[in-house]
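Numbering (the working numbering), first residue to last: 4 to 109.
Think of the CB as a built atom: it goes at the ideal place given N, C-alpha and C, for glycine as much as any other residue.
First the structure, in the form of structure tokens, and then the observations on it.
This is the structure we're talking about:
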């Protein structure tokens, strides 16, 4: 039991120290600027990659993701249209059945 309590205490102190470190880093303007520059550089690299892939006519992962979403959307819409057409066919068949005896008895 004492070993478990000691382990929990060490873990709690470690988590507290890590939290303090994270807080200090976030409050440090130099760290914030460096983080902002790193994120900006990553975005610029992605833009450059997209531009390069576009120049050689190759789709980027983002382009493919958008295309897949669009295809899924179109597929869903097509399925809805098919359901509507099937429903209208059933209604037309039911109307023909209902009107068939009336037209043959006249």
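In whole angstroms, what is the alpha-carbon distance linking residue i and residue j?
| i | j | result |
| --- | --- | --- |
| residue 24 | residue 35 | 14 Å |
| residue 109 | residue 89 | With a pLDDT of 49 at residue 109, under the threshold of 50, the predicted position of this residue should be treated as unreliable, and no value is reported. |
| residue 68 | residue 22 | 37 Å |
| residue 28 | residue 15 | 20 Å |
| residue 13 | residue 66 | 48 Å |
| residue 102 | residue 91 | 16 Å |
| residue 17 | residue 42 | 28 Å |
| residue 9 | residue 46 | 45 Å |
| residue 30 | residue 50 | 30 Å |
| residue 73 | residue 38 | 34 Å |
Since residue i is in the alpha helix (DSSP H), which residue starts that stretch and which ends it?
| i | result |
| --- | --- |
| residue 44 | 32-58 |
With a cut-off of 8 Å on the beta carbons, I'd call residue i and residue j a contact; round off their distance for me.
| i | j | result |
| --- | --- | --- |
| residue 63 | residue 53 | 5 Å |
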